[in-house]
Amino acid sequence: MDLKVLPLHQHIKYTQQCCDLINKEWKRSDTARLRSLECSCDNLPTCLILVQNDRVIGHLKLTPIPNRKHTCFIESVVIDDKMRGQGLGTHLMKWAEEHCRNNLNLNEIYLSTRGQEGFYRKLGYIECPPISIYGSFTINSTTSDKTSNNNTSIISDEVFCKSLTPNPPPLPQNLINQNSTKTYMKKPLTVIDN
Ligand code: ACO
40 MDLKVLPLHQ HIKYTQQCCD LINKEWKRSD TARLRSLECS CDNLPTCLIL VQNDRVIGHL
100 KLTPIPNRKH TCFIESVVID DKMRGQGLGT HLMKWAEEHC RNNLNLNEIY LSTRGQEGFY
160 RKLGYIECPP ISIYGSFTIN STTSDKTSNN NTSIISDEVF CKSLTPNPPP LPQNLINQNS
220 TKTYMKKPLT VIDN
């Protein structure tokens, strides 16, 4: 099976296919979606795509969390609806975790979900209190490269993060209410000794 996980920004020919895949699941304008996808870089945020026979069949996005070094937030995890239940979501998530641990030097991953808790539990994620992904960003990878977006405000798929305050503000009450139906989960990335 010709199955590859690729960083989208290194394979931009797949951007429109990736946009279509995500928008089929969560409708948003192509303009807004493409803007978010175009933020992908070697540092964070990074969009990873699952490609089979030149077709994008999966996506997830790794987003930095303000003032939480060595962590990231995984969002917009999606597998083509005709290809679910074959282990592809697991493959993409495990690849992403290895990338976070080995290339980005991260030690914890967070996410939120409505309804897919079982999938993440099988991958070792446990429930945790809600976290804020709002506020300013200190890029939390130790890597530095010319393609990183260090000086820009980062667009999360959950929210367009435009404020540049020194500390993340507390979660506004309306967002606490909105988020209360979500389950927040986390997974520590343990170092694997060879
Ligand atoms: N509840 C319980 N178990 C589940 C669920 C679920 N909702 N979904 C999958 N599983 C199980 C499978 O049965 C399988 O179990 P097994 O190992 O015992 O056979 C295991 O989890 C792995 O399943 P995969 O085949 O790897 O999962 P798949 O390729 O179908 O991808 C995904 C899962 C990404 C959730 C897919 O169903 C999807 O795209 N759903 C729609 C979009 C979505 O809701 N994405 C998650 C948003 S939350 C976020 O982005 C952080």
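Each number in my numbering corresponds to the 1-based position in the sequence shown with 39 added. Even for Gly, the Cβ is constructed at its ideal location relative to N, Cα and C.
Below 8 Å on the Cβ atoms is my guess for residue i versus residue j; work out the distance and round it to an integer in Å.
i    : j    : result
K108 : C167 : Actually they do not touch by this definition, with Cβ atoms about 17 Å apart.
L162 : T129 : 7 Å
I61  : I96  : Their Cβ separation, rounded to whole angstroms, is 12 Å, which puts I61 and I96 out of contact at 8 Å.
P103 : Y173 : The pair is not a contact, with the Cβ atoms about 12 Å apart (cut-off 8 Å).
Enumerate in chain order the residues of its own chain whose CB-to-CB distance from residue i is below 7 Å, with the five nearest sequence positions on each side excluded.
i    : result
K43  : V90
L127 : L89, I96, G97 and I118
E64  : V117
Y159 : L150, T152 and M224
T220 : R153
CB-CB under 8 Å to residue i, same chain, minus the five flanking residues each way: which ones, in chain order?
i    : result
T54  : L47, L73, L76 and E77
C139 : L101, C111, L145, I148 and L228
L87  : V44, L45, P46, L47, H98, L99, K100, L101, L131, W134, A135 and H138
C57  : L47, L76, C86, I88, V95 and H98
N92  : D41
H50  : I88 and V90
In terms of DSSP beta bridges, what is residue i paired with?
i    : result
F112 : T102 and Y149
K121 : Answer is none; K121 lacks a bridge partner.
I88  : L45 and H98
P227 : E147
E15  : Not covered by the structure: residue 15. The range shown for the chain is 40 to 233.
Which residue marks the beginning of the beta strand (DSSP E) containing residue i, and which one marks its end?
i   : result
L83 : Counting along the chain, L83 falls outside any beta strand (DSSP E), and DSSP gives it neither H nor E.
Less than 6 Å between C-beta atoms, sequence neighbours within five positions excluded: which residues of the same chain meet that for residue i?
i    : result
M122 : I96
E156 : T222
Y35  : A query on residue 35 cannot be resolved here, the shown segment of the chain reaching from 40 to 233 and no further.
Got a sec, what are the start and stop residues for the alpha helix (DSSP H) residue i sits in?
i    : result
T129 : L127 to N141
Y159 : E156 to K161
S75  : D69 to L76
D59  : T54 to E64
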